[in-house]
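J.: Have a look at this one.
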Amino acid sequence: MGEVNNADPILVLAGPTASGKSHLAVEVAHILNGEIVNADSRQVYAQLSIGTAKPTEEEMGGIPHHMFDVRSPDERISAGEWAKEAQAVCREIQQRGRVPIVVGGSGLYIQALTDGFVEEPSGVPESISNELQQELSERGAEALYTELESVDPASAALYSDKNPRRVLRALAWFRHVGSPISEAKQTQHPGMQAICFCLFPDRAQLYERINKRTSKMFEQGLVEEVQVLLTKYTPDVQSLHTVGYREVIDYLNGLISLDQAINFTAQKTRNYAKRQYTWFRKRDMQFIEDLHPRLAREISEKYISARSAAANSKETNQQ
Numbered sequence: 122m123g124e125v126n127n128a129d130p131i132l133v134l135a136g137p138t139a140s141g142k143s144h145l146a147v148e149v150a151h152i153l154n155g156e157i158v159n160a161d162s163r164q165v166y167a168q169l170s171i172g173t174a175k176p177t178e179e180e181m182g183g184i185p186h187h188m189f190d191v192r193s194p195d196e197r198i199s200a201g202e203w204a205k206e207a208q209a210v211c212r213e214i215q216q217r218g219r220v221p222i223v224v225g226g227s228g229l230y231i232q233a234l235t236d237g238f239v240e241e242p243s244g245v246p247e248s249i250s251n252e253l254q255q256e257l258s259e260r261g262a263e264a265l266y267t268e269l270e271s272v273d274p275a276s277a278a279l280y281s282d283k284n285p286r287r288v289l290r291a292l293a294w295f296r297h298v299g300s301p302i303s304e305a306k307q308t309q310h311p312g313m314q315a316i317c318f319c320l321f322p323d324r325a326q327l328y329e330r331i332n333k334r335t336s337k338m339f340e341q342g343l344v345e346e347v348q349v350l351l352t353k354y355t356p357d358v359q360s361l362h363t364v365g366y367r368e369v370i371d372y373l374n375g376l377i378s379l380d381q382a383i384n385f386t387a388q389k390t391r392n393y394a395k396r397q398y399t400w401f402r403k404r405d406m407q408f409i410e411d412l413h414p415r416l417a418r419e420i421s422e423k424y425i426s427a428r429s430a431a432a433n434s435k436e437t438n439q440q
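Residue 122 is where the sequence shown starts when you use the working numbering, and the numbers rise one by one after that.
Dropping the structure here:
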């Protein structure tokens, strides 16, 4: 396969939820002598296993898996924080002479890892973040954005899409330190060179897989998993807003039936997959629609070829 070094590009395997990324990544890892780095924003949470379709030990196939269970359910992690930790993991894998294979469907995580990111200040108490989450429910996103415009116009202009997560982070910083986050010291981190593949299976087939996987999650004990989580955490922690967990909580609170919880989970997961299709289409990736039996071998060969071409190009430019 050839020796791996820190200058080599990483391999990214992206795609919508339930497209078969995890299983395929294990096959590729066996071929390339690789290790898997999780890029799923919900599989980073410990104790959220069934509802996030986290791979079991058997499904990992003896391949080292990283960036799973790196946060407790009541902690937060931004795309930048994840990318900083994932970059360090990828470099450690390369130092061992192996190939980092980044796998997941969280587009912002992958974008931060490959395009680079700005490391924003941290250290805001969880209590402030929780208060703002409550205000978001009571006052609405528009009111909080208006507040941000008054205390931190620079951040408000930057977040003109009014993304609630970003608006709340900027407001939390202001309430904590009394000055705009836009004036705080920020560190720019460059991205990692990557060769990116994206699975794009037929939508009808994918939606059927989502329906079956959702039913299987409930059969495997998703309701019981949520019940255990609720003995340790309140229902308003961010991780429990994940599709599936929120529906089970509504079921446990008597707001919907079990059948409705299953159907709503499947429906919202299909909607999420649809958004993933749209997002990834805009990215510079090699799209794969034919999920044939030799796909792992094909991806491995394409990666080796692209890695060799990148190395030759670098040598030519240095001469």
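Idealized CB from N, CA, C, for every residue including glycine.
Of all the options 240, 249, 357, 232, which has the alpha carbon lying nearest to the alpha carbon of residue 133?
T.: 232
J.: What ranges does the beta strand (DSSP E) occupy inside the segment 331-418, keeping only unbroken runs of at least 3 residues that lie completely in it?
T.: 407-409
J.: Pick out whichever of 422, 229, 433 has its Cα sitting closest to the Cα of residue 150.
T.: 422
J.: If distances are taken between C-alpha atoms only, which option among 225, 147, 296, 179 comes closest to residue 200?
T.: 225
J.: Could you spell out the range, first to last residue, of the alpha helix (DSSP H) harbouring residue 204?
T.: 200-216
J.: So, is residue 376 buried or exposed, given that buried needs 16 or more other C-beta atoms within 10 angstroms?
T.: exposed
J.: Pick out the complete alpha helix (DSSP H) segments inside the segment 224-292, 4 residues or longer, and give them in chain order.
T.: If one requires a minimum length of 4 residues, the alpha helix (DSSP H) runs lying completely within the segment 224-292 are 228-236, 247-260, 262-272, 274-279, in chain order.
J.: Are there 16 or more other CB atoms within 10 angstroms of the CB of residue 279, so buried, or fewer, so exposed?
T.: exposed
J.: What residue range does the alpha helix (DSSP H) around residue 179 cover?
T.: 178-181
J.: Given this structure, state the Cα-to-Cα distance separating residue 142 from residue 274, to the nearest angstrom.
T.: 41 Å
J.: Which residue's Cα is closest to the Cα of residue 329: 373, 392, 310, 128?
T.: 392
J.: If you count every other CB in all the chains shown that lies within 10 Å of the CB of residue 186, and 16 or more means buried, which is it?
T.: buried
J.: If you run the structure through DSSP and keep just helix, strand and coil, what is residue 320?
T.: strand
J.: Candidates 350, 323, 348, 315: which alpha carbon is nearest residue 404's?
T.: 315
J.: Just how far apart, CA to CA, sit residue 287 and residue 317?
T.: 27 Å
J.: Under 8 Å by Cβ, that's how I've got residue 301 and residue 276 pegged, so tell me the actual separation to the nearest angstrom.
T.: 6 Å
J.: Note the first and the last residue of the continuous beta strand (DSSP E) segment covering residue 133.
T.: Start and end: 131-135.
J.: Using the DSSP secondary-structure output, state which residues sit across from residue 159 in a beta bridge.
T.: 224
J.: Alpha carbon to alpha carbon, how far is residue 387 from residue 331?
T.: 6 Å
J.: Since residue 297 sits in a beta bridge, which residues does DSSP pair it with?
T.: In the DSSP output, where bridge partners are listed per residue, residue 297 has none listed.
J.: Have a look at the DSSP bridge pairing and note the partners of residue 173.
T.: According to DSSP, which records beta bridges pairwise, residue 173 is partnered with nothing at all.
J.: For residue 272, which of 282, 299, 251 has the nearest alpha-carbon?
T.: 299
J.: Determine the burial state of residue 264: buried for a count of at least 16 other Cβ atoms within 10 Å of its Cβ, exposed for fewer.
T.: exposed
J.: With the cut-off set at 8 Å, would you say residue 136 and residue 320 are in Cβ contact?
T.: yes
J.: Tell me residue 308's beta-bridge partners as DSSP assigns them.
T.: 240
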